[in-house]
Amino acid sequence: MTEDLSAIFSPERLSGGGTGPLYVKLRRTLEEAVKVGRLKHGDALPPERDIAEFAAVSRVTVRKAIDDLVAEGILVRRHGSGTFVAKPVSKVEQRLSQLTSFTEDMARRGMTARSEWLHKGIHTPSPDEMMILGLAADTRVSRLSRLRIADDQPLAIEHASVSGEFLPDPSVVTTSLYAELEKRQVRPVRAVQRISATNMKEADAGLLGVPVGAAGLSIERISYLGSGRAVEFTRSLYRGDAYDFVAELTIGAN
Numbered sequence: 001m002t003e004d005l006s007a008i009f010s011p012e013r014l015s016g017g018g019t020g021p022l023y024v025k026l027r028r029t030l031e032e033a034v035k036v037g038r039l040k041h042g043d044a045l046p047p048e049r050d051i052a053e054f055a056a057v058s059r060v061t062v063r064k065a066i067d068d069l070v071a072e073g074i075l076v077r078r079h080g081s082g083t084f085v086a087k088p089v090s091k092v093e094q095r096l097s098q099l100t101s102f103t104e105d106m107a108r109r110g111m112t113a114r115s116e117w118l119h120k121g122i123h124t125p126s127p128d129e130m131m132i133l134g135l136a137a138d139t140r141v142s143r144l145s146r147l148r149i150a151d152d153q154p155l156a157i158e159h160a161s162v163s164g165e166f167l168p169d170p171s172v173v174t175t176s177l178y179a180e181l182e183k184r185q186v187r188p189v190r191a192v193q194r195i196s197a198t199n200m201k202e203a204d205a206g207l208l209g210v211p212v213g214a215a216g217l218s219i220e221r222i223s224y225l226g227s228g229r230a231v232e233f234t235r236s237l238y239r240g241d242a243y244d245f246v247a248e249l250t251i252g253a254n
């Protein structure tokens, strides 16, 4: 930190936080300290009892102010570690008119993409997988789950299912699933996506580094070969604060 903690949280600075309840004034004071750089990304806040002592307010007031800033994504709580100033989020814009992989999307933007694998395995297909991918009950399906990261910022959780006919060994996928499917000459050429709003549950919020209940985008995609055969069924959860989906519209004939 670039300034003494007692000065950042002093009663004098708090009194300059405008009108309203004390927790609102403290929230504004904290938000301003982040905005002007007195508190920087990655800085740890002092324990709530220390902030309460510096600012001459109750711990309940401190907790409510911090809760508001965590909900807004300005601060982040890390279990067992404390409360920290969150990393600023850079928006990623994805056009819905192009069928590309996450790796390709990030490369075009000059961003470094990587994944943290959550699961790779061969399974008996679920009823949804059988219906969508056209699989029989006695066939196998490859499932791949991963956390998608760009420039060290987690953006999405992705769960992909591919028929074992097209991908008999999911362990061969190290970076791009589409690149591996292209090697096998079964890369999809079109897809249908369904996007809906959702709120982050605890496990997903933890992986994506957002508060529980934060806004997210739930996306289901079915990708097809030129023959019309479904090759991929993917369920993804994107951070609502970091991803925009853009569609270009034209005027159709009457």
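Residue numbers (full-length UniProt numbering): 1 to 254. Positions of the beta carbon are idealized from the N, C-alpha and C atoms, including for glycine. No experiment lies behind these values; they were computed from the predicted model shown.
- Excluding sequence positions up to five before and after A205, its CB lies within less than 8 Å of the CB of P211, V212, G213 and A214, all in the same chain and listed in chain order.
- In this structure, the CA atom of Y238 is about 21 Å from the CA atom of V162.
- With fewer than 16 other Cβ atoms inside 10 Å of its own Cβ, K40 counts as exposed.
- Contact check between the region 176-192 and the region 39-59: fewer than three CB pairs, one atom from each, fall below 8 Å, which does not count as touching.
- Positions of the alpha helix (DSSP H) runs, each at least 4 residues long and wholly inside the region 132-185, are given as 177-183 in order along the chain.
- Within the same chain, Cβ atoms closer than 8 Å to the Cβ of L181 are found at V162, F166, L167, R187, P188, V231 and E232, the five residues on either side in sequence being excluded.
- Between G164 and E116, the alpha-carbon positions lie close to 22 Å from each other.
- By the neighbour-count definition (other C-beta atoms within 10 Å, threshold 16), M131 is an exposed residue.
- For K87, the secondary structure class from DSSP, reduced to helix, strand or coil, is coil.
- In the assembly as shown, T174 is an exposed residue. Its beta-carbon has fewer than 16 other beta-carbons within 10 Å.
- Within a 10 Å sphere around the beta-carbon of A160 sit 16 or more other beta-carbons, which makes this residue buried.
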